[in-house]
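A.B. asks: Once you've had a glance at the structure underneath, I'll fire off some questions.
Residue numbers (this note's numbering), protein chains in the order written: chain A, 2 to 628; chain B, 2 to 628.
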């Protein structure tokens with residue numbers, strides 16, 4: 002633990018630790034107003050939320066709550082055992098979006114759904130449409146696969162989002178969550194069942210609900226669930242106990258392993274526990290696990306999980322491109338984990354991975370219209386996929402084109418809640434000032450503990466352009482810390498006092514890491530960071546068998562891809578010409594590519610990976626052979 | 002169709018087409034007496050069969066038949082929905098072994114089990130312990146996953162094996178099969194359900210039962226089942242209809258695809274149908290599919306199927322070493338398919354693949370003691386496996402060491418029936434003579450259609466030694482055709498009339514393919530084939546991403562492997578030294594290997610892949626990086 006600062010103000014953000022190296026800023030303090038992420042937030046609000054609600058309704062997953070309230074279940078229940086959680090994730094997304102936009106129509110939709118959920122809750126706080134009634138499995142009778150606690154974890158996160166964005170709202174969601182959490186503590190507390198859920202999630206939910214309510218029991222219960230992992234409570238399954246991280250205690254693991262979403266959610270919760278209990282040893286162990294996972298078990302896109310069969314991390318260096326699973330939700334879980342570690346430690350490498358994962362996994366999932374999603378994010382598409390039927394429901398991960406909905410539809414609402422709350426992942430504060438981790442046009446307005454106002458606007462064309470201009474809008478002496486991504490060798494920074502170009506300081510080198518600027522700022526002062534955005538070739542680690550002898554091209558935070566639409570042939574025909582160097586002209590990156598079938602190398606366009614498969618069925622590869 | 006010869010004699014072999022380019026020789030005509038395969042046949046008979054029966058008993062899979070007979074099912078039924086089939090495969094193995102060895106104890110065991118099976122059959126011929134009773138699913142109610150027809154296919158193959166080895170035996174197995182087959186024809190015939198089974202197998206069973214009994218309806222039913230594939234009869238599943246080859250008609254497929262065992266069993270049956278109906282177009286299509294599958298979707302070991310999730314073929318060139326599935330049963334299915342194509346066409350390439358698959362997949366599965374098996378056969382082991390508990394039952398494919406039994410235990414009895422009938426896969430005959438496809442010490446005794454006796458002994462140390470001596474033991478003019486494997490560049494052949502070395506002809510080059518020797522043989526004449534067995538390096542096809550920049554070392558028909566036990570380090574540390582050439586001395590193959598961590602290259606021993614993981618937990622790789 003590097004700091005014991007106690008946070009006293011309410012923070013309108015998904016994660017609000019009571020202490021840590023950095024304090025998150027809320028979505029009221031950080032606004033994204035233009036550019037890459039603003040556009041995605043806009044589509045999320047304009048299209049994705051309504052798309053999700055339409056599907057929750059048409060698939061009957063919302064109707065399950067009505068049937069529960071009417072007492073007619075199990076007859077007519079639809080969806081998988083965890084379908085309730087998608088409703089809660091949608092509520093969480095709505096809550097952030099309402100907080101962000103004050104949209105009355107969304108507020109009405111939110112209240113309507115909460116009322117339907119409320120009507121389904123049992124008097125003792127139990128809430129699940131799949132278990133506990135005559136003709137259904139008994140409560141907690143299938144902890145391996147039943148997902149009851151997992152669903153409640155998402156309920157808690159939704160309630161936290163609502164209470165933080167609309168404190169004291171009379172919709173009742175907070176009470177629903179509290180009653181359910183109290184039940185969980187009674188059933189699974191120190192004197193209760195010595196058990197855990199087969200899919201981690203309730204732990205982060207309880208930890209955050211504790212932070213929101215100040216209720217210590219919830220934090221203790223989260224810690225208990227985390228600590229109970231690794232002792233075989235869930236029994237054996239075909240994939241082995243490592244699948245749900247029940248093979249080894251969390252603090253003893255060497256790396257994230259097993260099901261990649263479960264692993265990230267659980268490890269994120271373990272950071273929460275370590276922070277709240279001041280367990281420096283646990284925090285250090287989790288940091289070590291993160292290091293090793295990023296070094297050996299993470300795709301260049303930030304994607305995690307290389308197994309289709311069990312949606313799991315593979316062994317070290319087992320990172321096939323063509324069978325990359327890289328589930329969208331695992332990427333989101335990775336952001337959740339890295340964000341918590343960043344808050345706890347201040348280490349900029351966590352922000353680096355967040356950036357990589359946001360641009361190359363989370364942004365890859367949704368279609369431009371916000372109504373179709375990748376569940377899995379392959380790095381190598383060999384067979385052009387058939388377009389998904391816009392009215393159909395796809396099996397998980399089966400389509401090589403984005404699909405509107407899945408039988409297991411965890412990813413769409415997970416993307417929605419992440420985009421709606423994205424502002425909260427851009428910047429943090431400490432006693433001295435503000436740290437800007439992610440670059441987007443927008444504004445930051447916050448007050449430091451001594452009352453100093455740290456207030457500035459950001460203007461940038463990032464990631465297309467590498468120049469980031471921070472314009473201070475209020476006088477005050479504080480420290481502005483800017484992150485220089487690990488790939489940004491050659492970055493420079495300069496001061497433009499009063500914004501006057503004439504009085505600008507000479508650009509100074511800014512090495513990867515963080516660059517603090519302590520200054521008695523005047524309104525109008527500009528700090529300009531220039532990141533070298535030109536395309537660069539990245540060689541594969543020779544220990545990754547799957548991409549030996551290949552290179553990938555990156556440009557700024559974006560991984561680029563070769564798509565057959567641009568090559569005019571199947572991408573497996575492509576070989577990088579000897580000495581090939583990517584060149585950018587007029588915003589288009591090209592690289593000389595030869596075909597196996599012969600002929601002279603020709604310059605072929607590369608596109609951002611997140612933008613692939615938007616021009617019809619195609620083949621695609623990120624890693625390109627060099628011979 | 003290259004030939005329309007009609008077979009009139011009873012052939013004691015698993016496959017006896019009524020016509021085709023080559024006639025199989027039975028296990029009464031071909032004997033393996035010493036060497037690599039004799040040893041495996043011995044262990045199979047001495048240890049594996051009893052091991053299997055013990056498990057069938059202790060797992061309750063045999064007991065299911067007793068419960069069926071007692072009318073107490075479904076209570077107490079154990080095992081998966083296809084557990085009946087393991088009993089039938091075991092019966093088939095026993096039948097071949099009894100035919101091969103005349104073992105009285107085995108005969109008693111065989112009859113005891115047949116009696117238990119007989120007692121479970123319904124009066125109308127239906128036979129399955131999992132369906133059809135009150136409290137169970139209705140007959141044929143789950144064709145996607147229920148495996149009822151699949152189980153019957155294995156019953157038919159067992160009955161064929163029994164009737165061919167003990168014609169007219171009074172144990173009743175033939176009648177059991179005939180009653181069941183008649184039921185299948187009534188239920189699924191042209192006027193019956195327009196349906197197929199989710200796992201092909203009944204087709205090969207019916208085709209062979211037709212050949213045995215001369216009952217045309219069975220052949221027609223097999224053809225009907227084959228032709229019904231590809232029209233969506235089974236409906237949609239998560240893995241897509243290609244999983245059970247119901248996405249495209251068999252004759253229209255471009256390559257084997259979907260579940261690798263299903264694909265091979267179905268395609269083998271399609272060859273049977275093409276041969277029996279004289280459908281040259283279908284046969285040509287299947288040959289094309291085989292070509293493409295071998296070129297693009299087959300591991301260097303002959304293994305097939307690169308997906309763990311759905312046990313399926315991947316796309317072209319999708320052949321990861323570390324996630325190779327290469328199920329043992331898929332290898333056996335591949336031998337079944339290649340053998341049928343070899344009989345139909347005479348093309349030696351099919352015998353080449355059989356050899357590759359037998360030595361490097363089928364022989365790899367069983368432990369030296371014959372009591373543990375690989376289900377999946379990875380080509381790259383990254384994490385040393387934990388030894389399987391000899392009393393435990395493993396999930397399919399989960400152990401990196403051979404396991405005694407699996408919840409899905411298709412592989413052990415499949416290996417057993419293959420080894421017990423292996424003699425039938427070594428040689429064939431046509432009007433002119435005998436073709437020797439696989440090399441093992443033993444004898445061949447057969448009569449050609451004109452009455453000529455083709456009789457010879459084979460003596461060889463193959464695959465350790467490359468010299469094969471064929472000694473004719475009866476006078477006669479006929480053609481001996483020897484296969485020269487595709488890898489055997491530099492093979493030579495010579496005649497030693499009367500076996501006298503002094504009068505030997507000069508060695509003549511024998512090019513890969515087949516070498517016919519027409520001669521008026523005298524008893525004592527020797528034909529000597531010398532195959533170049535020295536180790537050789539095989540470069541990876543650049544289109545296989547997973548092994549780009551790697552080489553594998555082969556020696557004769559054996560693929561070699563680098564195991565950590567020999568390297569003294571994790572195999573992922575290994576890099577082939579520049580210009581490294583494998584060298585053999587005193588029967589040990591070594592190659593200079595450097596470690597990534599530095600130091601001088603050292604000569605490291607390579608072992609046959611089939612012999613890996615016999616010295617405790619280890620890491621292993623077949624393909625070794627060159628830089």
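Virtual Cβ for every residue (Gly too), placed ideally from N, Cα, C. The model shown is predicted, which means the values in this text are computed figures rather than measured ones.
List the whole-angstrom C-beta distance separating residue 610 of chain A from residue 302 of chain A, where the pair is believed to meet the contact cut-off of C-beta under 8 Å.
C.D. replies: Against the first chain, residue 610 of chain A aligns to sequence position 609. Against the first chain, residue 302 of chain A aligns to sequence position 301. Right, their Cβ atoms sit about 6 Å apart.
A.B. asks: Using a C-beta to C-beta distance shorter than 9 Å, which residues of chain A count as neighbours of residue 565 of chain B?
C.D. replies: Numbered from its first residue, the second chain carries residue 565 of chain B at position 564. Ordered by position in chain A, no residue passes the 9 Å Cβ test against residue 565 of chain B, which lies about 14 Å from the chain.
A.B. asks: Does any residue of chain A have a CB that is nearer than 9 Å to the CB of residue 310 of chain B?
C.D. replies: In the second chain, counting from the first residue as 1, residue 310 of chain B sits at position 309. Answer yes: the Cβ-Cβ gap between residue 310 of chain B and chain A drops below 9 Å somewhere.
A.B. asks: Between which two residues does the beta strand (DSSP E) holding residue 477 of chain A run?
C.D. replies: Start at 1 with the first residue of the first chain, and residue 477 of chain A comes out as number 476. Counting along the chain, the beta strand (DSSP E) containing residue 477 of chain A begins and ends at 477-485.
A.B. asks: Near residue 571 of chain B, which residues of its chain fall below 7 Å by C-beta distance, leaving aside the five closest residues on each side in sequence?
C.D. replies: Taking the first residue of the second chain as position 1, residue 571 of chain B is located at position 570. Excluding positions up to five away in sequence, the list reads 565, 620.
A.B. asks: Hey, out of B/362, B/363, B/335, whose CA is closest to residue 350 of chain B's CA?
C.D. replies: Position 349 of the second chain holds residue 350 of chain B. It is B/335 whose Cα lies nearest to the Cα of residue 350 of chain B.
A.B. asks: Mind listing which residues of the segment 311-333 of chain B have their C-beta closer than 9 Å to chain A's C-betas, in chain order?
C.D. replies: Answer set for the segment 311-333 of chain B: 311, 315, 316, 317, 318, 319, 321, 322, 323, 324.
A.B. asks: Identify the residues that DSSP records as bridge partners of residue 509 of chain A: which are they?
C.D. replies: In the first chain, residue 509 of chain A corresponds to position 508, counting from 1. Residue 509 of chain A pairs with A/494.
A.B. asks: Could you name the residues of chain B that residue 81 of chain A contacts, counting a contact when the two beta carbons are closer than 9 Å?
C.D. replies: Position 80 of the first chain holds residue 81 of chain A. Per Cβ cutoff of 9 Å: no residues; residue 81 of chain A is ~12 Å from chain B at best.
A.B. asks: What three-state label does DSSP hand residue 330 of chain A in the structure shown?
C.D. replies: Taking the first residue of the first chain as 1, we reach residue 330 of chain A at position 329. In the structure shown, residue 330 of chain A sits in a helix (DSSP, three-state: H, G or I).
A.B. asks: Can you have a look at residue 7 of chain A and say buried or exposed, based on whether 16 or more other CB atoms are within 10 angstroms of its CB?
C.D. replies: Here residue 7 of chain A is taken as the residue at index 6 of the first chain, counted from 1. Caution applies to residue 7 of chain A, whose pLDDT of 43 falls short of 50 and renders its modelled position unreliable; the model cannot decide the point.
A.B. asks: Decide if residue 661 of chain A is buried, meaning its Cβ has at least 16 other Cβ atoms within 10 Å, or exposed.
C.D. replies: Lying outside 2 to 628, the shown extent of chain A, residue 661 of chain A is not represented and no answer is given.
A.B. asks: DSSP three-state label for residue 222 of chain A, please.
C.D. replies: Here the question's residue 222 of chain A lines up with position 221 in the first chain. Helix.
A.B. asks: Can you list, in chain order, the residues of its chain whose CB lies under 6 Å from that of residue 204 of chain A, leaving out five sequence neighbours each side?
C.D. replies: In the first chain, counting from the first residue as 1, residue 204 of chain A sits at position 203. Within the same chain, residue 204 of chain A has close Cβ partners 223, 226, 227, 270.
A.B. asks: Taking the continuous alpha helix (DSSP H) assigned at residue 548 of chain A, which residues delimit it?
C.D. replies: The residue labelled residue 548 of chain A in the question sits at position 547 within the first chain. Counting along the chain, residue 548 of chain A falls outside any alpha helix (DSSP H), and DSSP gives it neither H nor E.
A.B. asks: Per DSSP, what kind of secondary structure is residue 434 of chain B in: helix, strand or coil?
C.D. replies: Numbered from its first residue, the second chain carries residue 434 of chain B at position 433. Correct three-state label for residue 434 of chain B: strand.
A.B. asks: Let me know the secondary structure DSSP gives residue 230 of chain B once reduced to three states.
C.D. replies: For this step, residue 230 of chain B is matched to residue 229 along the second chain. Here residue 230 of chain B sits in coil by DSSP.
A.B. asks: Taking Cβ to Cβ, would you say residue 589 of chain B is nearer than 9 Å to residue 616 of chain B?
C.D. replies: Within the second chain, residue 589 of chain B is the residue found at index 588, counting from 1. Within the second chain, residue 616 of chain B is the residue found at index 615, counting from 1. Taking 9 Å as the Cβ cut-off, residue 589 of chain B and residue 616 of chain B do not qualify as a contacting pair.
A.B. asks: According to DSSP, is residue 387 of chain B helix, strand or coil?
C.D. replies: Start at 1 with the first residue of the second chain, and residue 387 of chain B comes out as number 386. Looking at residue 387 of chain B - three-state DSSP - the assignment turns out to be coil, as it is neither helix nor strand.
A.B. asks: Should residue 339 of chain A be labelled buried (16 or more other beta-carbon atoms within 10 Å of its own) or exposed?
C.D. replies: On the first chain, residue 339 of chain A is found 338 positions in, with the first residue counted as 1. Buried, since its Cβ has 16 or more Cβ neighbours within 10 Å.
A.B. asks: Would you call the segment 525-537 of chain B in contact with the segment 457-468 of chain B, where contact means no fewer than 3 C-beta pairs closer than 8 Å?
C.D. replies: Yes, since at least three Cβ pairs between the segment 525-537 of chain B and the segment 457-468 of chain B fall closer than 8 Å, the two stretches touch.
A.B. asks: Taking all protein chains shown into account, decide if residue 5 of chain A is buried (16 or more other Cβ within 10 angstroms of its Cβ) or exposed.
C.D. replies: By one-based count along the first chain, residue 5 of chain A stands at place 4. Caution is warranted here: a pLDDT of 40 is assigned to residue 5 of chain A, below 50, making its placement in the model unreliable, and no coordinate value can be reported.
A.B. asks: Starting from residue 549 of chain B, find everything on chain A with Cβ-Cβ shorter than 7 Å and list it in chain order.
C.D. replies: In the second chain, residue 549 of chain B corresponds to position 548, counting from 1. Within chain A, the residues near residue 549 of chain B are 549, 550, 626.
A.B. asks: So, is the C-beta of residue 597 of chain A closer than 9 Å to a C-beta in chain B?
C.D. replies: Translated into the one-based positions of the first chain, residue 597 of chain A becomes position 596. At least one chain B Cβ lies under 9 Å of residue 597 of chain A.
A.B. asks: Give the interface partners of residue 384 of chain A over in chain D, defined as CB-CB distance under 7 Å, in chain order.
C.D. replies: The structure shown contains no chain D; its protein chains are A and B.
A.B. asks: Between the alpha carbons of residue 435 of chain A and residue 16 of chain A, how many angstroms are there, rounded?
C.D. replies: Counted from its first residue, the first chain places residue 435 of chain A at position 434. Counted from its first residue, the first chain places residue 16 of chain A at position 15. Between residue 435 of chain A and residue 16 of chain A, the C-alpha separation is close to 17 Å.
A.B. asks: With burial defined as no fewer than 16 other Cβ atoms inside 10 Å of the residue's Cβ, what is the status of residue 419 of chain A: buried or exposed?
C.D. replies: Residue numbering aside, residue 419 of chain A sits at position 418 when the first chain is read from its first letter. Answer is buried; the Cβ neighbour count reaches 16.
A.B. asks: Is the segment 316-330 of chain B touching the segment 580-596 of chain A, taking contact as three or more C-beta pairs under 8 Å?
C.D. replies: Because the criterion of three Cβ pairs below 8 Å is not met, the segment 316-330 of chain B and the segment 580-596 of chain A do not touch.
A.B. asks: Just verifying my parser: in three-state terms, what is the DSSP assignment at residue 113 of chain B?
C.D. replies: Within the second chain, numbered from 1, the residue matching residue 113 of chain B stands at position 112. DSSP places residue 113 of chain B in helix when its eight states are reduced to three.
A.B. asks: Using the three-state DSSP reduction, which class does residue 560 of chain B fall into: helix, strand or coil?
C.D. replies: Sequence index remark: in the second chain, residue 560 of chain B carries index 559 (1-based). Correct three-state label for residue 560 of chain B: strand.
A.B. asks: Count the other CB atoms within 10 Å of the CB of residue 289 of chain A; is the residue buried (16 or more) or exposed (fewer)?
C.D. replies: For the purposes of this step, residue 289 of chain A is taken as the residue at position 288 of the first chain. Exposed.
A.B. asks: At a CB distance below 9 Å, what residues from the segment 519-550 of chain A approach chain B? Give them in sequence order.
C.D. replies: Result list: 543, 544, 546, 547, 548, 549, 550.
A.B. asks: Determine the DSSP secondary structure at residue 6 of chain B, reduced to helix, strand or coil.
C.D. replies: Translated into positions along the second chain, residue 6 of chain B becomes position 5. Note that residue 6 of chain B scores a pLDDT of 42, beneath 50, so its modelled location is shaky and nothing firm can be said.
A.B. asks: Is residue 238 of chain B close to chain A, meaning its C-beta is less than 9 Å from at least one C-beta of that chain?
C.D. replies: In the second chain, the residue the question calls residue 238 of chain B occupies position 237. Output row for residue 238 of chain B: interface = yes.
A.B. asks: For residue 370 of chain B, name the three-state secondary structure that DSSP assigns.
C.D. replies: Mapped onto the second chain, residue 370 of chain B falls at position 369. It is coil, neither helix nor strand.
A.B. asks: Taking only beta-carbon positions, decide if residue 408 of chain B is within less than 9 Å of chain A.
C.D. replies: Residue mapping note: residue 408 of chain B aligns to position 407 of the second chain, counting from 1. Yes - at least one Cβ of chain A is within 9 Å of the one on residue 408 of chain B.
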